[in-house]
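What follows is a set of notes on a single structure, which appears directly below.
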Amino acid sequence: MGVLTQYRSTTAAGVIAAFVLILVFGSPPYGDWVRDNAAGPGALDWFLQLLTWPSWNLDADLPARDILAIMLRAILVVVFTAVFLAVLTGPRLSRTRGGGAQLLSGWSAYIFAGAVAGLLTAIIQSDPSTLGAFQAAAAGASYGLFTGWVVGAATFGAPGRFT
35 MGVLTQYRST TAAGVIAAFV LILVFGSPPY GDWVRDNAAG PGALDWFLQL LTWPSWNLDA
95 DLPARDILAI MLRAILVVVF TAVFLAVLTG PRLSRTRGGG AQLLSGWSAY IFAGAVAGLL
155 TAIIQSDPST LGAFQAAAAG ASYGLFTGWV VGAATFGAPG RFT
């Protein structure tokens, strides 16, 4: 067995889960599929559309600033997931060793990461506003709330320290 399979840290597990979520559901093919097949008013269609929030689609019809903000948002969600997981899974989690604490730490880290990434990238977009920044932060938090359980589940049972 390799070192990574023997010793998996909570932060690494969460970052990998966040990266895979964004890689798969932020991809242009998935975004195109959602636009074509999930445009209804139901909860499933809403959730499938929500999964595309941190996309990395390069749409030529958008201004360069908006394309940069969209790409940066996807990157920042992963970066801030790592930052918040490192902070939330420090010594306190190492003492508790509870799987529930790890699940909630991973989930909450993804909520915070989405909100902060949305807020920061709203400043870069063309025609930024305070209302737009608040709406982007709310969209990011909503994304994290409904998809962060995947990151939380990935951190479940992982050591709460860097290894």
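The working numbering numbers the first residue of the sequence shown as 35 and each following residue consecutively.
In this text, a Cβ means the ideal position worked out from N, Cα and C, and glycines have one as well.
Keep in mind the model is a prediction, meaning the values are calculated, not measured.
* Identify which residue in Ser160, Ser142, Ala120 and Phe168 has its Cα closest to the Cα of Gly152. => Phe168
* Asked: Can you list, in chain order, the residues of its chain whose CB lies under 6 Å from that of Gly134, leaving out five sequence neighbours each side?
  -> none
* To do: Report the three-state DSSP secondary structure of Gly178 (helix, strand or coil).
  => helix
* Would a C-beta distance cut-off of 9 Å place Val112 and Val49 closer than the cut-off? -> yes
* Asked: In three-state DSSP terms, what is Asn91?
  -> coil
* Asked: Are the beta-carbon atoms of Ser89 and Gly65 separated by less than 9 Å?
  -> yes
* Asked: Considering only residues of the same chain and omitting the five flanking positions on each side of Thr39, which have a CB-CB separation below 7 Å?
  -> Residue confidence is low: Thr39 scores 40 on pLDDT, short of 50, so the model does not pin down where it sits. Its coordinate-derived value is still stated next. Around Thr39: no qualifying Cβ.
* Provide the residue span of the alpha helix (DSSP H) that contains Phe200, from first to last. => Since the first residue shown for the chain is 35 and the last is 197, residue 200 is missing from the structure and cannot be characterised.
* State the Cα-Cα distance for the pair Leu138 and Gly186, rounded to the nearest angstrom. => 6 Å
* **For Phe146, the nearest candidate out of Val121, Ile157, Ser160 and Leu165 (CA to CA)** => Val121
* Asked: Near Pro62, what residues of its chain come up, given a Cβ to Cβ distance below 6 Å and the 5 sequence neighbours on each side ignored?
  -> Asn91
* For Ala188, name the three-state secondary structure that DSSP assigns. => helix
* Is it the case that the Cβ atoms of Thr155 and Leu84 are separated by a distance below 9 Å? -> no
* Asked: When the cut-off is 9 Å and only beta carbons count, does Ile101 lie next to chain B?
  -> Looking at the structure shown, chain B is missing, and only one protein chain is on hand.
* Asked: To the nearest angstrom, how far is it from the Cα of Thr181 to the Cα of Gly74?
  -> 20 Å
* Within 9 Å, strictly: CB atoms of Gly140 and Thr189 -> yes
* Asked: How would you write the range of the alpha helix (DSSP H) that Leu57 sits in, first residue to last?
  -> Thr44 to Phe59
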